[in-house]
Ligand code: GLA
C-alpha cells in the first residue's frame, strides 16, 4: 500500500479511514465519547459539521456536560452505542453487573494502528497479507466497572471493505454479564434508506425483500443456533432510489454461523441506525475478572454505484480473503456427481461403482457418496453418531470402494453430519448426556434426531476421532459437512455455563473444522444444512463451497441464486443438474436450462446417469467441457444481476472479466405466453465503444448497443427456454 488507510487528526481527534472509493469517519468529542461522522464516497474533507446540538425534550444529558441541555447521546450519531448513557435507541452493547445494575459509560482511552489484518482467537475472520490490510483498534473504557471495549477495524483499501469486530475485557474485580454485544453499528444523521434482507425456508432460501427504513424497528435474525434458512446474516442498506448500478449502498455480512440479529430503524429525528451481531436472546455472557469476550466479525462495504458493486465487493472479499486452502479457486474444484438424488439411502457398493462408471464416461471428476454409508442408516431415523463404515451394506471395505472409484479416474467424496446424534445409535446408548437436552424434559426432535453438545470438548474430540478414522481408511478428497436441524434444547450437561452454550457450540464447531483442515489440507469440504441453512461467511472460512439449497429445480434456483448473489460469490454456491420431473417441485425443465443455471456455481450432477438417453449423455459431455472452459472466467469475473427473477419475466445474469475482454450472459425465460413479446436483456459492464463477438454464432455486436438496448430473447414456444452468450472483445 502506498498511503496509510487510517489517519488520526490529533487536534480535531478525528479518525478517517480511507479505502479506494470510500471514507469512514469518527470523532472523539470533548467528553471522550466516540461519535460516528461519516461513511460514504471517498473524501479528504471532515464531516464534524454534520453534528448538531439542540435541547431535545426527553433526551437526557450526560452528567459531565453540566447545564448544557443541547448535548444528548440520544440524538448524536454514535460509533458503538451502549445502554445507560442517555441513548434510548437500540444499543450495541448492554452490560449488567452481578447486582443487577444495567448499563455502562464508554469513553475513548486510546488507539493503535498496525499493518496487516487482525484475527480473532477461535473465530473465523477475513485474512489478508501484511501489505493488503491495516488494522485500527480503538479502546473505550468504562471507569466504574473497569471494563475495556476494543473496537477493531480491518481495512482492505483495494476492495472498499472495512471489517469490524469487538473485544470486551473485564479488568474489574467483579464478574459482569454481557447481555447484548453487536459487532457493527452504523448511524446516519439523515438520508432515506431501504433495507434489503434475505428471508426464506428449507428448499427456498434467500428471497430478497426490500423495505423502506421507517419509524419501526425492523429486526431479522436467527434463534436456531445456526445462521438459518429463514434469514441470512446479511443486511444491505440502499438509498431509496438506488438500483443495481446507481446510488449509495452499504452492506454488512456476519462472519459467523450461529444465531444472529440485524436491526434497522429510523429514529425520532429521522436518523437511521443499522446493526448486526450475535442474537441477544438466550445470551447473558458471564465475563469473569480478567477474562475476554470476542464478538464475531462483520464485513462492511460501501459503494456509490449501486447494489451490484456492493455485491461485487463482497464477492471479491469472500473469494480472496475469507475462503482458504488449496480449493480456494473455483478452477480447482472437481465437477462432481452426488449420490443423494440418484439413490437416496438405497444403495450398495455396486450402485456407487455403477454411478462412478457412468460419470467417468461423461467427464465428471468426482463421485460423492451421500448419506447412508455408515452405522445403521437405511433411513433418517437411526445411525447418526456412529461413523463406522457399514461394510455389509457396501459389500466391501471403504478402501476397496474408493480404490475402484479412483481406478475409474474419479476422486471420491463422502457425506457426514458430525454435529448430530440419533437416539437409535451406539453413541447415544453410551453417552446420552452428549445430546443437548433440558433437565426433566423430553428434547425436541428434528428429522428424528438430536444435537450433539459441541460446547463440550470431549464430545468434539470423540467425533473428530471418528471422522478422522474414516478419512484415514481411504483416499477421500472431499467431505460434505451437513447439519439437518435447528438447535432447540439449549442446555449442556458439561461444565460450561448454561448462558454460553450456543456461543461455545460455535467455538467447538470452528475448532473441529480448523483441526480438520490442518490435518487434511487437501480435503475439499462443502458445507450444507438441509441445503443452504448455514450459508454464511463464517462457514466459508472453512468450507469454500456450500450446498446452496436442497431445491435443485432450475427455475426456483434462478431465484435462490439471485438472492444468494447479493452477498456471496458464484464460487461458493453448490449447484447441480438434477433429474426431471424435479424431485422437489415436479417441474420439467430442459437439460440445457438446468445446465445453464447450475453453471453459475460449483458445478455438478445429482442424478442417475443410467436413466438418461444417449443424446442426453452427449449433451452432458458438452456441458462439462463448456464449464471447464469457463470456470476461470466465472470465478474471477465481475458478477452482474441483469434482472430480478422475482418480478421480471426473465432471470438474467452476467459475468464480465476484470479486463472487460470477455463476458458470459445467461438468461432463462420464466414466462411464456401466446404471441409472446420479445424480452431484451441489457448487458452491463462492457468496455464502451467496443465490438464483441458471440463465440458461438460469430456475430459481432456493438457494446454500446448491447448496454443500451440489450440482447433479444426470442422464445415463441416452450417453457423455460434458456440462452447463453459468450462474448469476446474484438481487437
Ligand atoms: C440434507 C442435504 C442433502 C442430503 C441429505 C442426506 O438434506 O441437504 O443434500 O445430503 O441431507 O440426508
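In the numbering used here, the protein residues as written are 1 to 731. We treat Cβ as the ideally placed atom computed from N, Cα and C, and that holds for glycine.
Cβ of residue i within 8 Å of any heavy atom in the ligand GLA?
i: residue 484; result: yes
i: residue 716; result: no
i: residue 376; result: no
i: residue 508; result: no
i: residue 536; result: no
i: residue 146; result: no
i: residue 386; result: no
i: residue 424; result: no
i: residue 529; result: yes
i: residue 381; result: no
i: residue 547; result: yes
i: residue 340; result: yes
i: residue 415; result: yes
i: residue 370; result: yes
i: residue 550; result: yes
i: residue 173; result: no
i: residue 393; result: no
i: residue 480; result: yes
Could you have a look at residue i and say whether DSSP puts it in helix, strand or coil?
i: residue 82; result: strand
i: residue 315; result: helix
i: residue 354; result: helix
i: residue 359; result: helix
i: residue 747; result: No statement about residue 747 is possible, as the shown extent of the chain runs from 1 to 731 and does not include it.
i: residue 411; result: strand
i: residue 127; result: coil
i: residue 623; result: helix
i: residue 434; result: helix
i: residue 210; result: strand
i: residue 331; result: helix
i: residue 663; result: strand
i: residue 398; result: helix
i: residue 323; result: coil
i: residue 6; result: strand
i: residue 260; result: strand
i: residue 373; result: coil
i: residue 672; result: coil
i: residue 135; result: strand
i: residue 610; result: helix
Report the rounded CA-to-CA distance for residue i versus residue j, giving the unit in angstroms.
i: residue 542; j: residue 613; result: 39 Å
i: residue 521; j: residue 325; result: 7 Å
i: residue 593; j: residue 579; result: 12 Å
i: residue 513; j: residue 124; result: 10 Å
i: residue 472; j: residue 631; result: 31 Å
i: residue 141; j: residue 33; result: 10 Å
i: residue 88; j: residue 74; result: 6 Å
i: residue 52; j: residue 76; result: 8 Å
i: residue 350; j: residue 387; result: 21 Å
i: residue 714; j: residue 561; result: 24 Å
i: residue 29; j: residue 476; result: 58 Å
i: residue 700; j: residue 621; result: 28 Å
i: residue 574; j: residue 171; result: 46 Å
i: residue 307; j: residue 501; result: 37 Å
i: residue 589; j: residue 377; result: 33 Å
i: residue 663; j: residue 211; result: 32 Å
In its own chain, which residues sit with a C-beta less than 6 Å from the C-beta of residue i, not counting the 5 before and 5 after it?
i: residue 304; result: 41 and 248
i: residue 536; result: 227, 233 and 257
i: residue 38; result: 25 and 47
i: residue 10; result: none
i: residue 420; result: 384 and 449
i: residue 213; result: 193, 195, 264, 266 and 272
i: residue 530; result: 202, 484 and 550
Given residue i, which residues of its chain have a CB within under 8 Å of its CB, disregarding the five upstream and five downstream residues?
i: residue 4; result: 113 and 134
i: residue 118; result: 125, 135, 137, 152, 154 and 165
Closer than 7 Å by C-beta to residue i: which residues in its own chain qualify, once you throw out the five before and the five after it? Chain order, please.
i: residue 16; result: 7, 23 and 25
i: residue 84; result: 102, 103, 104 and 105
Suppose only complete runs of 3+ residues qualify. What are the beta strand (DSSP E) ranges in the region 696–730, listed by chain order? 700–702, 711–713 and 722–729
Completely contained beta strand (DSSP E) runs for the region 162–243, where each covers 3 or more residues: If we require 3 residues or more, the beta strand (DSSP E) runs fully inside the region 162–243 come out as 176–188, 193–201, 204–212, 218–222 and 234–239.
What are the complete beta strand (DSSP E) segments, minimum 3 residues, inside the region 268–300? Correct list: 272–278 and 285–287.
Alpha helix (DSSP H) runs wholly inside the region 475–557, at least 4 long, in chain order: Within the region 475–557, the complete alpha helix (DSSP H) runs of at least 4 residues are 501–519 and 537–540.
Taking only runs of the beta strand (DSSP E) that begin and end inside the region 29–96, which ones reach a length of at least 3 residues, in chain order? 34–41
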